[in-house]
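Here's the structure we're looking at; comments come further down.
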Amino acid sequence: MNREQTHQPCCLVIEDQALIAMSIETYLEEAGIAVKTVNSVAEARAWLETHMADIAIVDFMLKDGPTTELSDDLNRRGIPFIIYSGYPPRQGVPTELLGVPWLEKPTSRDDLLKVVLKTLMTVSGLMPSVQTLHS
Numbered sequence: 013m014n015r016e017q018t019h020q021p022c023c024l025v026i027e028d029q030a031l032i033a034m035s036i037e038t039y040l041e042e043a044g045i046a047v048k049t050v051n052s053v054a055e056a057r058a059w060l061e062t063h064m065a066d067i068a069i070v071d072f073m074l075k076d077g078p079t080t081e082l083s084d085d086l087n088r089r090g091i092p093f094i095i096y097s098g099y100p101p102r103q104g105v106p107t108e109l110l111g112v113p114w115l116e117k118p119t120s121r122d123d124l125l126k127v128v129l130k131t132l133m134t135v136s137g138l139m140p141s142v143q144t145l146h147s
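When you read off a place in the sequence shown, starting at 1, and then add 12, the result is the number in the numbering used here.
Encoded structure:
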């Protein structure tokens, strides 16, 4: 989906650990990015039925299972995503996810924001007017 350059980007955060999800949500919102958080594959799919995100941050393993099929759904919808997981990127990860930006928990908030912005600009062509925050 093509978005205008002045569009506030929307990030779907798919994370089942509440404190991590709240931390990501707060930081991205402070940087000027709209955020929707969900805590399961089922909830993410339900939200995506009626909404569109510009980018997603996805925990690889959720309480209701791995997000491999959800990642396929995001690809089909043209939504770029970042894996943010406690799993190292090569430990039992499907080969189709090896080219996806992968951040291993814990990651600094600034590093997470840098990858989000780079992905938005590279994949979506968005140049969001977000402010860089320092922890």
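Don't be surprised by glycine CBs; every beta carbon is placed ideally from N, CA and C. Owing to the predicted nature of the structure, the values given are computational and were not obtained by experimental measurement.
Can you tell me whether DSSP reads residue i as helix, strand or coil?
i	result
Leu82	helix
Met13	Because the pLDDT of Met13 is 44, which lies under 50, any placement of that residue in the model is unreliable, and the question is left without a value.
Val128	helix
Glu27	coil
Ser97	strand
Ala58	helix
Ala33	helix
Thr49	strand
Val70	strand
Check whether the Cβ atoms of residue i and residue j lie closer than 8 Å to each other.
i	j	result
Val112	Tyr96	no
Leu124	Leu115	yes
Pro52	Asp76	As written in the sequence, residue 52 is Ser, which differs from the Pro given in the question. For Ser52 and Asp76, yes; Cβs fall inside 8 Å.
Thr79	Pro106	no
Arg102	Leu60	no
Glu55	Val47	no
Got a sec? Which residues, its chain only, sit under 6 Å from residue i by beta carbon, not counting five neighbours each side?
i	result
Ala33	Val25, Glu27 and Thr49
Please return the same chain residues whose Cβ sits closer than 7 Å to the Cβ of residue i, not counting the five positions on each side in sequence.
i	result
Ser83	Val70, Phe93 and Leu109
Glu41	Val47
Spell out the partners DSSP gives residue i in its beta bridges.
i	result
Val112	Its beta-bridge partners do not exist; DSSP assigns none.
Gly77	Leu74
Quick check on this structure: which residue in the options has the alpha carbon closest to the alpha carbon of residue i?
i	options	result
Lys117	Asn87, Ala30, Glu42 and Gly98	Gly98
Pro30	Leu74, Val127 and Cys23	Note that residue 30 corresponds to Ala in the displayed sequence, not to Pro. For the residues Leu74, Val127 and Cys23, the minimum Cα distance to Ala30 belongs to Leu74.
Val135	Arg57, Glu41, Ile91 and Leu40	Ile91
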